[in-house]
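A quick write-up on the structure given underneath.
In my numbering, the protein residues as written are 63 to 498.
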C-alpha cells in the first residue's frame with residue numbers, strides 16, 4: 063500500500079484540539095517513519111506520539127515568540143524534539159507565563175501589536191539551515207498544512223519553493239475572514255492575507271475542507287474544488303458495547319464537552335439560564351460543562367448544583383462519558399462574527415456525539431453548516447431561536463418524551479456508522495495524497 067511521506071507544518075498530533083484530534087484520527091495507520099511535524103506552537107506537551115513521533119520545534123532564535131513577547135516568555139529549545147518529554151522545565155515555565163499577571167501582559171502586548179499593525183511584521187518564521195537540513199534528510203513527498211495564520215501561509219510557501227514538493231491544504235474553519243484582528247491597518251492586512259492565501263491555493267496540488275458546506279463556499283469564493291474530510295470514528299471503539307437505556311435514572315444530565323471561547327460563549331450562558339429556569343420546578347436536572355477553560359467559564363455562568371464545571375477527562379474515557387449522559391449539547395453563538403467564523407466549520411466532537419447513542423441538542427443560527435446538516439438529516443433536536451424560552455421548551459420536550467430521545471439518538475448513530483467509519487474515511491484520505 064502506498065503511503066506518501068508527509069511533512070506536516072503547523073498542527074501537531076494531540077488529543078485536545080479539534081485539528082489535533084482530527085489529523086490523529088485521519089493519519090492513524092500511517093507508518094510512523096512516513097510522518098513528521100514541524101510546528102511553531104509549543105510541542106513540549108500534549109503530543110499524541112501513537113501516530114507520529116518525529117517533531118521539529120519551530121521558533122525565533124530559540125524563543126517560542128519573537129520580540130517583544132519573548133521578554134516575558136522563557137527560552138524554548140528549537141529543533142528536533144525528544145518526544146515523551148512532557149515534564150520538561152520549558153513546559154512548566156510556559157504554563158507559568160500563560161497564567162496570572164503574565165497572561166494579562168501577554169494578551170495586552172498581542173493586542174497592541176495587532177492594533178498598530180505590527181503583529182505580522184514580528185511574527186515571521188524563517189527557514190534556518192538546521193531546519194532545511196532536517197527536511198532535506200527526510201525528503202517528504204507532500205507538505206500538509208492546516209494553515210490558519212499569515213505567518214504559516216508564507217512559511218509553507220517558502221518551504222514549497224525550496225523543496226519543490228506539492229502542497230496539501232486542509233481548511234478546518236473559515237479563518238481567512240477571521241484571523242485578522244482590529245487595528246489601524248486592518249484593511250491592509252486583510253488584503254495581504256487574501257492575496258497570499260489565494261497565491262498558495264493556486265500552488266497547491268490538494269485542497270481539503272472540513273465539510274461539504276465549506277467546500278461549496280470556497281468553490282464560489284476562490285473557484286477551487288475541495289475534498290471534505292472531518293474527524294472519522296473507530297466504530298468499535300466509540301459505539302457503546304450495550305444498548306443504551308433511555309429512561310432517566312437519576313437527574314436528567316446535559317453535557318457540553320469542549321472549549322469555551324470565541325463562537326461558544328453566549329450560547330453556553332443561554333443553556334445555563336434555561337437549566338436554572340427548569341430547576342425552579344424540576345430539581346432533577348444538571349448541566350455539566352466539561353472544559354479546561356474554567357476561567358472563561360466562570361465569567362459566563364454562575365456555577366451551582368444544577369450547572370456544574372467538570373474537569374476534562376482522558377480522550378480514551380470519552381466514549382463512556384458521552385454514552386452515559388441523557389443529552390449532548392452542540393452550542394453556537396448567534397452574533398454576526400461568530401456565525402461568520404462557524405458557518406462552514408464542523409466540530410470534531412460531532413461524529414463522536416453521533417455514535418454515542420445519546421440524543422443531541424443543536425443550538426445555533428440556521429445559517430451555519432452544522433445546523434443545516436442537523437435539520438436536513440434530522441439527527442438532532444435543533445433550536446434556531448436565540449432565546450432562553452425556546453431552549454427551555456426544547457429541553458422540557460426532550461425530558462418528557464423518551465421515544466423522541468431514542469429516535470434522535472438512533473438516527474444519529476445510523477448516520478455515523480454509514481458516513482464516519484474511520485476504516486473507509488482513512489482509505490479515501492490516503493488515496494487523496496496519491497498524485498500520480
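Glycine residues also receive a C-beta, built at the ideal position from the N, C-alpha and C atoms.
Span separating the alpha-carbon of residue i from that of residue j
i: residue 342; j: residue 320; result: 27 Å
i: residue 336; j: residue 113; result: 41 Å
i: residue 290; j: residue 128; result: 35 Å
i: residue 29; j: residue 232; result: Outside the displayed span of the chain (63 to 498) sits residue 29, for which this structure offers no information.
i: residue 411; j: residue 314; result: 21 Å
i: residue 431; j: residue 409; result: 11 Å
i: residue 149; j: residue 218; result: Residue confidence is low: residue 149 scores 44 on pLDDT, short of 50, so the model does not pin down where it sits. Its coordinate-derived value is still stated next. Those two C-alpha atoms are separated by around 30 Å.
i: residue 69; j: residue 222; result: 11 Å
i: residue 246; j: residue 169; result: 18 Å
i: residue 153; j: residue 110; result: Below a pLDDT of 50, predicted positions are generally treated as unreliable, and residue 153, at 49, falls in that range; the measurement from the model is reported next regardless. Distance between the alpha carbons of residue 153 and residue 110 is about 16 Å.
i: residue 456; j: residue 78; result: 30 Å
i: residue 426; j: residue 358; result: 20 Å
i: residue 104; j: residue 121; result: 9 Å
i: residue 88; j: residue 71; result: 16 Å
i: residue 344; j: residue 263; result: 54 Å
i: residue 356; j: residue 419; result: 28 Å
i: residue 64; j: residue 274; result: 27 Å
i: residue 346; j: residue 497; result: 57 Å
i: residue 424; j: residue 322; result: 16 Å
i: residue 156; j: residue 462; result: Bear in mind that the predicted position of residue 156 carries a pLDDT of just 49, short of 50, making it unreliable; the figure below should be weighed with that in mind. Cα-Cα distance, rounded: 48 Å.
i: residue 193; j: residue 96; result: 17 Å
i: residue 189; j: residue 448; result: 48 Å
i: residue 243; j: residue 210; result: 13 Å
Beta carbon of residue i nearer than 8 Å to that of residue j
i: residue 142; j: residue 118; result: yes
i: residue 403; j: residue 236; result: yes
i: residue 225; j: residue 332; result: no
i: residue 421; j: residue 406; result: no
i: residue 351; j: residue 308; result: no
i: residue 488; j: residue 90; result: yes
i: residue 76; j: residue 115; result: no
i: residue 453; j: residue 460; result: no
i: residue 265; j: residue 229; result: yes
i: residue 471; j: residue 417; result: no
i: residue 67; j: residue 200; result: yes
i: residue 234; j: residue 272; result: yes
i: residue 255; j: residue 227; result: no
i: residue 216; j: residue 258; result: yes
i: residue 370; j: residue 401; result: no
i: residue 29; j: residue 131; result: The question about residue 29 has no answer here: the residues shown for the chain are numbered 63 through 498.
i: residue 380; j: residue 327; result: no
i: residue 378; j: residue 306; result: no
Residue i - DSSP class collapsed to helix/strand/coil
i: residue 159; result: For residue 159, the predicted model reports a pLDDT of 47, less than 50, meaning its position is unreliable; a value from the coordinates is still stated below. Residue state, collapsed to three classes: helix.
i: residue 127; result: coil
i: residue 292; result: coil
i: residue 92; result: coil
i: residue 363; result: coil
i: residue 152; result: With a pLDDT of 49 at residue 152, under the threshold of 50, the modelled position of this residue cannot be trusted, and the question is left open.
i: residue 389; result: strand
i: residue 243; result: coil
i: residue 119; result: strand
i: residue 252; result: helix
i: residue 147; result: Residue placement at residue 147 is poorly supported in this model, since its pLDDT is 48, which falls under 50; the coordinates still yield a value, given next. In the structure shown, residue 147 sits in coil (DSSP, three-state: anything other than H, G, I, E or B).
i: residue 184; result: helix
i: residue 105; result: coil
i: residue 341; result: helix
i: residue 197; result: helix
i: residue 230; result: strand
i: residue 491; result: helix
i: residue 349; result: strand
i: residue 113; result: coil
i: residue 100; result: strand
i: residue 326; result: strand
i: residue 138; result: coil
i: residue 383; result: helix
i: residue 399; result: helix
i: residue 373; result: coil
i: residue 177; result: helix
i: residue 405; result: coil
i: residue 171; result: helix
Review point. Would the segment 482-489 and the segment 293-302 be scored as touching if the rule is three or more Cβ pairs under 8 Å?
Key: Because the criterion of three Cβ pairs below 8 Å is met, the segment 482-489 and the segment 293-302 touch.
Exercise for review: Check whether the segment 389-402 touches the segment 358-368, counting contact only when three or more Cβ pairs, one atom from each stretch, lie closer than 8 Å.
Suggested key: As far as the Cβ criterion goes, the segment 389-402 does not touch the segment 358-368, which means the pair count is below three.
**Study point:** Inside the segment 64-89 only - beta strand (DSSP E) runs reaching at least 3 residues
**Key:** Within the segment 64-89, the complete beta strand (DSSP E) segments at least 3 residues long are 68-71, listed from N- to C-terminus.
Check your understanding: Quick one: complete alpha helix (DSSP H) runs, 4+ long, within the segment 199-228?
Key -> 212-225
Review point. In the segment 258-318, which residue ranges form an unbroken beta strand (DSSP E) of at least 3 residues, counting only runs that do not cross its ends?
Key: 268-271
Review point. What residue ranges within the segment 407-487 form continuous alpha helix (DSSP H) runs of no fewer than 4 residues, ordered along the chain?
Key: 411-417, 431-439, 450-462 and 464-481
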